[in-house]
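Peer 1:
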Amino acid sequence: MPLLQSQPLHPNRRARGLGARRRGVAAVLGVVLTVSLVVLMAFTMDFGTIHVSQSEMRRTADAAAMSACWEMFDHQANNDSNFQDCTREAADAAAYLNTVGRDPMQFGSDDVELGTYRAHQPDDFDTSNPSEFNAVRVTVRRQQGI
């Protein structure tokens, strides 16, 4: 009885069969990686925008507080009793000039506080005695649609 021997496959033929089964794998992997990179880029841009807005708000609050303090000290040196309104107007003007995300900031009635700061009690901000005022506390808020 003659032995049947199978002929060995050509090396290229085996590779071609394997390649035919994997034909779309590179395209699927490319799409998955592209989508992942786009999502990562979007998160990075959003967090960057948030960080820049926080820095701009901090800068606006600092500028408004400094402007209000200078105005308050000028009026106190001149013994002007109407310094509280002028101080709030100076803070509002400085905030309007320092934009946050291309939007000018404006303060509400409770956003600019005049008071007394004591270095040995940093958590105590006393707003009861206008003759002792030596500091201005500014709160900056950014609301959607404003």
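Residue numbers (numbering that gives the first Met the number 0): 0 to 145. Every residue gets a Cβ at the ideal spot worked out from N, C-alpha and C, and that includes glycine. Here the structure is a predicted model, which means the values were calculated and not measured.
1) Could you tell me how far apart the beta carbons of ALA89 and ALA60 are, in whole angstroms, since I believe they sit closer than 8 angstroms?
2) Taking the alpha carbon of THR126 as the point to measure from, which residue in ALA118, HIS119 and VAL135 has its own alpha carbon closest?
3) What whole-angstrom Cβ distance do GLU151 and VAL111 have, given they're in contact under 8 angstroms?
4) Buried or exposed for ALA92, going by 16 or more other Cβ atoms inside 10 Å?
5) Have a look at ASP102, ALA64, PRO103 and VAL51 and flag the residue whose alpha-carbon is nearest the alpha-carbon of LEU113.
6) Assuming MET71 contacts THR86 (C-beta within less than 8 angstroms), just tell me the rounded distance between them.
7) Looking only at C-alpha atoms, which of ASN133, GLN53 and PHE46 sits nearest to ARG140?
8) Taking only the alpha-carbon atoms, compute the straight-line gap between ASP84 and ASN97 and give it to the nearest angstrom.
9) Going by the CB atoms, is the gap between ASN133 and TYR116 shorter than 8 angstroms?
Peer 2: From the atom records:
1) About 14 angstroms separates the two Cβ atoms, so there is no contact after all.
2) VAL135
3) Any answer about residue 151 is impossible in this case: the structure gives the chain only from 0 up to 145.
4) exposed
5) ALA64
6) 4 angstroms
7) GLN53
8) 20 angstroms
9) yes
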